[in-house]
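Using our numbering, the first residue of the sequence shown is number 8, and each one after it goes up by one.
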Amino acid sequence: MMKIISVQNSKGGVGKTTLAINIAKYLSMGCNNKTVLYDADPQRTAYDWSCIKQDKSFDVIPIDNPKLLESSIKKNDYNYVVIDNPPAMSQFFITSIKLANYLVVPVASSAFDIWGLSSLIDTINMISKDFSIIFVHNKIIRNALIGSEIKEALLKIEINKKNSVHDVLFRQSYPRSSLLGETVFDTDDSHAQAEIEFIVDEILK
Numbered sequence: 008m009m010k011i012i013s014v015q016n017s018k019g020g021v022g023k024t025t026l027a028i029n030i031a032k033y034l035s036m037g038c039n040n041k042t043v044l045y046d047a048d049p050q051r052t053a054y055d056w057s058c059i060k061q062d063k064s065f066d067v068i069p070i071d072n073p074k075l076l077e078s079s080i081k082k083n084d085y086n087y088v089v090i091d092n093p094p095a096m097s098q099f100f101i102t103s104i105k106l107a108n109y110l111v112v113p114v115a116s117s118a119f120d121i122w123g124l125s126s127l128i129d130t131i132n133m134i135s136k137d138f139s140i141i142f143v144h145n146k147i148i149r150n151a152l153i154g155s156e157i158k159e160a161l162l163k164i165e166i167n168k169k170n171s172v173h174d175v176l177f178r179q180s181y182p183r184s185s186l187l188g189e190t191v192f193d194t195d196d197s198h199a200q201a202e203i204e205f206i207v208d209e210i211l212k
């Protein structure tokens, strides 16, 4: 059965696209795991990345119309669909999470990022469809006090959906691999790979 993963945060700079690319890569690594990444972010970062990537293990399709997204998903025979949403609360996002089985929300280690989640949480709570949410505490600086405080705040969020929190440290392998049209699975950074694997394993279980 097809699984649809929507990656969303209305605040820019939280690592949304990098996370979406690496999740799509790991999903595609299994046997017969046909995977697509829909790039709905107006900056088209994922699509630009795909133009230089050597590895063609998953498709990257630019898209900006929510109706086209739905029809494209139904038309194509993918095992896994990853959606890199626009960084805004839009009709595209509403359509995306109504289609999704999982919502992945990257959150950086900043009070502003926690405060900025309120409109997203309100929108999620208004949607009756059942789906799971994975908050990714992203770009964590090792041993920084703010990191534990942000994680504690994420764990206390009141939301009417099943949810979990996962950590991703700030590692050079994420931006460096993206710059080369690669993912952390093309590097020797086993710690970064394990972080992505842990998130995806939550989706696959």
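Even for Gly, the Cβ is constructed at its ideal location relative to N, Cα and C. Since the structure is predicted, the reported quantities are computational estimates derived from the model, not experimental observations.
Could you spell out the range, first to last residue, of the beta strand (DSSP E) harbouring Asn145?
Counting from 1 along the sequence shown, the entry for residue 145 is found at position 138. Note, Asn145: beta strand (DSSP E), 139–147.
One question on the structure: do Ile68 and Tyr33 come within less than 9 Å of each other, judged by their Cβ atoms?
The residue labelled residue 68 in the question sits at position 61 within the sequence shown. The residue labelled residue 33 in the question sits at position 26 within the sequence shown. Not a contact, by the Cβ cut-off of 9 Å.
Would you tell me roughly how many angstroms separate the C-alpha atoms of Lys10 and Arg149, rounded to the nearest one?
For the purposes of this step, residue 10 is identified with residue 3 of the sequence shown, where counting begins at 1. For the purposes of this step, residue 149 is identified with residue 142 of the sequence shown, where counting begins at 1. In a straight line, the C-alpha of Lys10 is about 33 Å away from that of Arg149.
With a cut-off of 8 Å on the beta carbons, I'd call Val14 and Val172 a contact; round off their distance for me.
Here residue 14 is taken as the residue at index 7 of the sequence shown, counted from 1. Here residue 172 is taken as the residue at index 165 of the sequence shown, counted from 1. That belief does not hold up - the Cβ atoms of Val14 and Val172 are roughly 15 Å apart, past 8 Å.
Compute the distance between the beta-carbons of Lys23 and Asn16, then report whether it is under 9 Å.
Walking along the sequence shown from the start, residue 23 turns up at place 16. Walking along the sequence shown from the start, residue 16 turns up at place 9. Yes, these two residues count as a Cβ contact at 9 Å.
Cutting at 6 Å between CB atoms, please list the residues of its own chain near Pro94, excluding the five before and the five after it.
Looking up residue 94 in the sequence shown gives position 87. For Pro94, where only same-chain residues beyond five positions count, the Cβ hits under 6 Å are Ser17, Gly19.
For Ser35, count neighbouring Cβ atoms within 10 angstroms of its own Cβ and tell me buried if that reaches 16, exposed if not.
The sequence position of residue 35 within the sequence shown is 28, counting from 1. It is buried - the Cβ of Ser35 has at least 16 other Cβ atoms within 10 Å.
Ordered along the chain, which non-local residues of its own chain (more than five positions away) have a Cβ less than 7 Å from that of Asp120?
Working through the sequence shown from its first residue, we reach residue 120 at position 113. So the qualifying residues of the chain are Lys18, Val21, Val114.
Which two residues bound the contiguous beta strand (DSSP E) that contains Asp129?
For the purposes of this step, residue 129 is identified with residue 122 of the sequence shown, where counting begins at 1. It is not in any beta strand (DSSP E) - Asp129 instead sits in the alpha helix (DSSP H) that spans 125–133.
Identify the continuous alpha helix (DSSP H) that holds Asn29 and give its terminal residues.
To locate residue 29, count along the sequence shown from 1; it is residue 22. Residues 23–35.
Going straight from the alpha carbon of Thr194 to that of Ser180, what length do you get?
Numbered from 1 along the sequence shown, position 187 holds the residue referred to as residue 194. Numbered from 1 along the sequence shown, position 173 holds the residue referred to as residue 180. Roughly 7 Å separates the two Cα atoms.
Express the C-alpha separation of Asn132 and Met96 in angstroms, rounding to a whole number.
One-based indexing of the sequence shown puts residue 96 at position 89. One-based indexing of the sequence shown puts residue 132 at position 125. Rounded to the nearest angstrom, the two C-alpha atoms are 14 Å apart.
Could you pull out every residue in the same chain whose Cβ sits closer than 7 Å to the Cβ of Asn167, ignoring the five residues on either side in sequence?
For the purposes of this step, residue 167 is identified with residue 160 of the sequence shown, where counting begins at 1. The answer, listed in chain order, is Asn132.
Applying the 10 Å Cβ sphere with the 16-neighbour rule, what's the burial state of Leu106?
The count along the sequence shown starts at 1 and reaches residue 106 at position 99. Flag for Leu106 reads buried.
Cβ atoms of Tyr109 and Val43: under 9 Å apart, would you say?
Your numbering for residue 43 matches position 36 in the sequence shown. Your numbering for residue 109 matches position 102 in the sequence shown. Taking 9 Å as the Cβ cut-off, Val43 and Tyr109 do not qualify as a contacting pair.
Could you check the C-alpha separation between Pro3 and Ile203 for me, to the nearest Å?
One cannot answer for residue 3 here, as it falls past the ends of the chain, which runs 8 to 212.
With three or more beta-carbon pairs closer than 8 Å as the criterion, would you say the stretch 53–60 touches the stretch 174–190?
At 8 Å Cβ cutoff, the stretches touch.
According to DSSP, is Val90 helix, strand or coil?
Here the question's residue 90 lines up with position 83 in the sequence shown. For the record, residue 90 in the displayed sequence is Ile; it is not Val. The answer is strand: DSSP assigns Ile90 an E or B state.
Ile134 to Phe100, Cα distance in whole Å?
In the sequence shown, the residue the question calls residue 134 occupies position 127. In the sequence shown, the residue the question calls residue 100 occupies position 93. The straight-line gap from Cα to Cα measures roughly 12 Å.
What does the alpha-carbon distance come out to for the pair Val88 and Glu156?
Against the sequence shown, residue 88 aligns to sequence position 81. Against the sequence shown, residue 156 aligns to sequence position 149. Approximately 32 Å, taken between the alpha carbons.
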